[in-house]
Every structure is written in structure tokens, then in C-alpha cells.
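Please read the structure below before turning to the comments.
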Amino acid sequence: MVAGAEIVCHQGISVLDVQYRCIAKGSNLQKIDDIVDVSPPSPSLIEEIRAPADSVLTDISLSDADARILDDISDAAIESAILQFVPSIRSGSFSDIGPRRFMEDEHIRIDDLSTQLGSLIRCPKPSAFYGVFDGHGGPDAAAYVRKNAIRFFFENADFPDLSEAGDVLLGEVENSMRKAFLLADLALADDSTVSSSSGTTALTALIVGRLLLVANAGDCRAVLCRKGEAIEMSQDHKPIYPTERRRVEELGAFVDDGYLNGVLSVSRALGDWDMKFPRGSPSPLIGDPEFQQVELTEDDEFLIIGCDGIWDVMSSQHAVSVVRRGLCRHDDPEQSARDLVMEALRLNTFDNLTVIVVCFSSPEYYMEPSPPRERKLKCCSLSAEALCRLKNLLDGNV
1 MVAGAEIVCH QGISVLDVQY RCIAKGSNLQ KIDDIVDVSP PSPSLIEEIR
51 APADSVLTDI SLSDADARIL DDISDAAIES AILQFVPSIR SGSFSDIGPR
101 RFMEDEHIRI DDLSTQLGSL IRCPKPSAFY GVFDGHGGPD AAAYVRKNAI
151 RFFFENADFP DLSEAGDVLL GEVENSMRKA FLLADLALAD DSTVSSSSGT
201 TALTALIVGR LLLVANAGDC RAVLCRKGEA IEMSQDHKPI YPTERRRVEE
251 LGAFVDDGYL NGVLSVSRAL GDWDMKFPRG SPSPLIGDPE FQQVELTEDD
301 EFLIIGCDGI WDVMSSQHAV SVVRRGLCRH DDPEQSARDL VMEALRLNTF
351 DNLTVIVVCF SSPEYYMEPS PPRERKLKCC SLSAEALCRL KNLLDGNV
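Rendered as C-alpha cells:
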């Protein structure tokens with residue numbers, strides 16, 4: 001069964017110039033601790049090999065200058081290659097109820113955020129937005145956040161004008177995303193149609209130019225594939241993890257068998273107001289997201305966003321390998337999302353399943369090169385007389 005409404009916009013995508021920082025690491029210098037004693041050469045030999053001090057200094061100076069030029073060229077080449085990269089964004093998703101009786105997952109996909117928002121907010125291209133909401137205590141909270149995602153994350157959260165990019169604006173984007181999580185959390189408390197015992201984890205991924213910003217509250221996970229290697233872009237918020245456990249216990253809560261107050265398996269979520277303290281009071285269960293960001297390069301192939309039903313039964317690297325192998329075979333992100341869900345079911349997951357796969361490379365990147373054509377050998381038969389002549393010829397050459 002497939003659940004979760006989607007907003008999918010496909011359109012040609014151009015570029016936003018986002019400042020890139022390249023840091024060249026210096027070479028490691030190794031000290032020579034031991035000095036070997038040798039007999040001094042004769043004075044005449046010293047005079048023969050002694051060079052004027054000026055020439056030595058000149059040579060050294062030229063060598064340093066050459067090194068600086070080479071460093072400048074190298075840095076410029078690296079920066080130029082990075083700035084030329086433009087993510088080619090396309091995505092696919094798949095959901096399944098799994099072994100559960102009810103489907104509580106929701107998700108949203110917007111491949112072209114600029115077109116989706118229209119004149120509401122100016123966004124550069126490429127720009128995209130994705131979210132996975134893993135509900136618990138019923139589907140109400142997850143469905144409510146998905147339905148109102150545009151309002152929470154862009155209309156009411158003071159989302160900045162992104163016609164120009166810079167460090168200040170990036171800080172404003174992060175603050176806007178944080179405010180959106182808070183607005184959604186408070187809205188769940190105010191809406192009488194949503195049960196106070198219903199809640200949802202939330203993970204969003206915003207792409208603006210080459211910037212990827214991931215915000216997470218709960219145990220959904222985002223994993224970036226960089227040249228085949230899994231790079232985790234979020235941290236699971238489970239009560240058993242040291243930092244989360246310390247926080248909740250300092251606020252008077254307890255962790256029993258991995259569950260917050262013996263009830264909830266996450267330490268951050270939207271909703272669940274029957275477990276939260278009154279507004280304005282610090283609560284063990286919070287909706288505050290944590291952020292990770294990265295500037296994408298041509299080494300970054302795709303992003304996986306999945307609910308905990310995926311990560312309960314496989315590692316981030318396993319998931320990356322499954323998706324990468326599929327993309328090399330069929331180059332279809334939606335099929336790759338389905339492949340990952342099927343793999344989780346094969347591994348006996350016990351939860352609902354939702355996966356979004358976002359590709360950053362053009363389809364040609366995943367196309368396997370055609371195997372070289374084999375030369376066809378022709379078979380021919382020789383008469384007895386011809387075989388005899390060939391034998392004599394070979395014997396004569398030995």
C-alpha cells in the first residue's frame with residue numbers, strides 16, 4: 001500500500017552562485033632527530049663546491065615563487081571545478097504499510113521550489129524541498145503537518161528572499177526552519193481535530209543552489225552518498241543516546257528500556273502534547289530540530305531520506321549500496337526508493353516504510369559503459385595437403 005501525498009514539480013534547472021570555500025592543507029613536515037657524524041671533506045673540496053651566497057638565495061627565492069604560483073593555480077582550478085557544478089535535481093519516493101495495521105507515515109516532494117512558491121518567495125534555481133513525517137499515536141499529526149507544510153515552512157516562518165545567497169542569509173534560512181518546526185508543534189496543540197496523544201517525527205531537506213540543509217527532530221534519517229560512501233546528515237534522537245538521555249533526565253524524565261518515560265521511543269517530536277509540559281516550560285520531549293548543512297559537489301550523487309523502519313534493519317552504508325546499485329542498473333530514483341523499501345521488508349522490518357531518493361547527478365552519470373565488442377574469430381578447415389605444407393614450413397623455421 002502506498003500512502004503520502006506528493007507535490008512534484010519538474011522543470012529545467014539553472015544555477016545559483018553560492019560562495020564556496022576551498023582549504024588547501026599543507027604538507028606534513030617530518031623532523032630529522034638523528035644527525036649522522038661524518039668526516040669533514042678537505043678544504044680544497046669545500047672551495048670547489050662552495051657557491052656564492054647570492055646565487056643560493058636567488059635560487060631559493062625563485063623556487064618559493066614557483067611554489068606559490070603552483071599553489072595559486074591548483075587552488076583556482078579546484079575552486080573553478082566546484083563552482084561549475086550545478087545539481088541536476090530529480091527525485092522519487094515509495095511508501096509501504098509494512099507489517100503494521102495502520103499507515104502513519106507522510107511525506108512531501110518538491111523538486112522545483114521556485115515554481116511551487118511562485119511569487120510568494122523568490123528562490124533561485126535549483127531549489128527543492130523534501131520532508132518525511134513518521135507519525136505515532138495515530139496518523140493525525142503526520143497528516144496535519146504534511147497538509148500544512150507550505151504554510152508552516154514558507155508562508156508563516158519568515159522564510160528569507162533567496163535571490164542572493166550569503167552567510168547571513170544562510171543563517172536566516174536556518175532560523176526560519178527552526179521557527180517552522182515550532183509553529184507546527186504549537187499548531188498541533190491548538191487544533192482540536194488532532195488528538196493530544198498523536199505526534200510525529202519530522203525531517204526536512206532544503207536545497208538552494210549547491211547548499212543542502214537538513215533539519216531533524218526524531219529518528220528519521222538523511223544519508224548523503226558521496227562517491228559511494230554514506231555520509232549521515234542527521235542524528236537519530238533516541239532517549240538511549242547519551243546526549244539526549246542527559247537532557248531528558250535533567251528535566252525530570254526517565255528512560256525505561258529505551259523509551260522516554262516508558263512510553264515513547266524518541267526524545268524529539270512534533271505534537272504529543274499529553275507528554276509535554278505547558279508552553280514556555282522546558283520539556284523532556286521537544287520539537288526543536290538539529291541542523292546539518294553541506295555544499296554539494298560533483299562527488300555527491302544522491303540523498304536518501306527514510307523513516308526509522310528502514311534504519312531499524314540496515315546501516316546507512318547498506319542503504320547507499322542498494323540505491324547506488326539500482327541507479328546504475330535502471331537510473332530511476334522512484335524505483336530505487338522502492339528497492340530500498342523491499343530490502344527492508346526482506347530484512348523483516350516491523351514498521352511502516354517511507355523513502356525519498358533525491359539525485360544530484362544527470363542520468364548519464366549512472367549509465368554503465370557499454371562492454372567492449374568481442375572480436376569474432378572465423379573458423380576454417382585445411383586440407384591434408386595444406387596441413388602437410390604448414391608442418392614442413394614450421395619445421396623448417398625451428
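The opening position of the sequence shown corresponds to residue 1 in UniProt numbering, with each subsequent residue numbered one higher. Glycine included, each C-beta is placed from N, C-alpha and C at the ideal position. Predicted model only: the values in this text are computed from it and were never measured.
Three CB pairs or more closer than 8 Å across the stretch 121-140 and the stretch 171-181: no
Top-ranked residue by Cα proximity to V214, from W311, I304 and L327: Of the candidates W311, I304 and L327, the one whose C-alpha sits nearest the C-alpha of V214 is I304.
Contact check, H237 vs A222, beta carbons under 8 Å: The answer is no: Cβ separation not under 8 Å.
Whole-angstrom C-beta distance between L212 and L296, which should lie under 8 Å: Contact holds; Cβ gap of about 6 Å.
Cutoff 6 Å; reference E301; Cβ partners in own chain excluding five residues on either side: C225 and S361, listed in sequence order.
Exposed unless 16 or more other CB atoms sit within 10 angstroms - verdict on D331: By the 10 Å Cβ count, D331 comes out buried.
Cβ-Cβ distance between L353 and G326 below 8 Å: no
Three-state secondary structure assigned by DSSP to L340: Residue state for L340 is assigned as helix, using DSSP reduced to three classes.
Exposure of K391, with buried meaning 16 or more beta-carbon neighbours within 10 Å: exposed
Residue closest to R346, alpha-carbon to alpha-carbon, out of G98, Q84, P87 and R90: Minimum Cα-Cα distance from R346 among the listed residues G98, Q84, P87 and R90 corresponds to G98.
Neighbourhood of F159 by C-beta, 6 Å cutoff - its chain only, sequence neighbours within 5 removed: So the list reads I121 and S176, once near-sequence residues are dropped.
Helix, strand or coil at R226 according to DSSP, with G and I counted as helix: strand
Residue-level contact to chain D via CB, P126, 8 Å cutoff: Among the protein chains of the structure shown there is no chain D, as only one such chain exists.
Contact check, L188 vs G280, beta carbons under 8 Å: no
Best match in G209, F94 and I231 for proximity to S321 [C-alpha to C-alpha]: I231
Check whether H107 and I286 have beta carbons under 8 Å apart: no
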